[in-house]
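Below you'll find the structure, written out as structure tokens, and then a few comments.
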Amino acid sequence: MKHWLMKVEPSAYTIDDLERDGTTKWEGVRNYQARNFMRDEMRVGDKVLFYASNAKPSGVTGLAVIRRAGYPDPADETWTLVDIQFVKKFANVVSLETLKATKGLEKMVVTQKGSRLSIQPVTKSEYDIVVKLGKK
DNA sequence: GCCAACGTTGGC
DNA sequence: GCCAACGTTGGC
4 MKHWLMKVEP
14 SAYTIDDLER
24 DGTTKWEGVR
34 NYQARNFMRD
44 EMRVGDKVLF
54 YASNAKPSGV
64 TGLAVIRRAG
74 YPDPADETWT
84 LVDIQFVKKF
94 ANVVSLETLK
104 ATKGLEKMVV
114 TQKGSRLSIQ
124 PVTKSEYDIV
134 VKLGKK
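Set out below in structure tokens:
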């Protein structure tokens with residue numbers, strides 16, 4: 004079982020949209036590294052931190068789970084889709100600022116300078132720390 | 001809106 | 001295959 008962080012801008016999709024929809028196709032990834040994670044490594048049941056980028060503030064807004072593993076995008080088979088399912092919305096956003104200030108998350112990809120990757124692997128311990136922060 | 005970081009493209 | 005130019009991401 005792996006853990007992931009998936010970024011999306013609120014103007015495109017939010018945790019509220021996911022709560023309403025239940026599940027959604029994760030469309031629009033146009034980066035090879037991110038695609039390869041979806042295509043090769045994501046499995047049904049993997050846990051996902053749902054991250055809002057370009058937000059006020061940017062941060063993790065809730066949790067999701069992989070519902071369907073990587074499959075070709077019917078619109079363009081170069082690219083890969085997965086389906087994710089809503090798990091929960093955090094009472095409060097766990098902001099990037101908080102992530103950067105939290106012990107144990109120093110190596111988390113999203114806290115690194117210049118980290119633009121929209122699909123990122125997260126360790127179990129990082130995932131657990133963020134879930135705990137989300138309950139506060 | 002600015003701009004640093006970084007991925008991609010394309011001329012050579 | 002190198003690398004400058006260009007485009008995009010995303011924090012601020």
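So the working numbering is basically just the index in the first sequence, starting at one, shifted up by 3.
C-beta atoms are modelled at their ideal positions from N, C-alpha and C, and glycine is treated no differently.
What you are looking at is a predicted structure, and each value in this text was computed from that prediction instead of being measured.
Classify residue i: buried if its beta carbon has 16 or more other beta carbons within 10 angstroms, exposed otherwise.
{"i": "Y35", "result": "exposed"}
{"i": "S61", "result": "buried"}
{"i": "R23", "result": "exposed"}
{"i": "R38", "result": "buried"}
{"i": "M4", "result": "exposed"}
{"i": "T27", "result": "buried"}
{"i": "V47", "result": "exposed"}
For residue i, name the three-state secondary structure that DSSP assigns.
{"i": "M41", "result": "helix"}
{"i": "R70", "result": "strand"}
{"i": "Y16", "result": "coil"}
{"i": "V47", "result": "coil"}
{"i": "V32", "result": "coil"}
{"i": "T114", "result": "helix"}
Below 8 Å on the Cβ atoms is my guess for residue i versus residue j; work out the distance and round it to an integer in Å.
{"i": "W82", "j": "D49", "result": "The pair is not a contact, with the Cβ atoms about 19 Å apart (cut-off 8 Å)."}
{"i": "M9", "j": "Y54", "result": "6 Å"}
{"i": "F93", "j": "G137", "result": "4 Å"}
{"i": "E129", "j": "L108", "result": "6 Å"}
{"i": "I87", "j": "A58", "result": "The Cβ separation is near 18 Å, so there is no contact."}
{"i": "V113", "j": "L102", "result": "7 Å"}
{"i": "R71", "j": "V85", "result": "6 Å"}
Could you please give the first and the last residue of the uninterrupted alpha helix (DSSP H) stretch that includes residue i?
{"i": "D131", "result": "127-137"}
Got a sec, what are the start and stop residues for the beta strand (DSSP E) residue i sits in?
{"i": "T83", "result": "83-98"}
{"i": "K10", "result": "6-11"}
Select from the options the residue whose C-alpha is nearest the C-alpha of residue i.
{"i": "G65", "options": "D43, S98, R119", "result": "S98"}
{"i": "G2", "options": "V134, K139, I122", "result": "No information on residue 2 is available, as it lies outside the stretch 4 to 139 that the chain covers here."}
{"i": "V134", "options": "V47, L84, V96", "result": "V96"}
{"i": "E44", "options": "D20, I69, A58, T27", "result": "I69"}
{"i": "K91", "options": "I18, F40, V11", "result": "I18"}
{"i": "D76", "options": "W29, L21, V11, A15", "result": "W29"}
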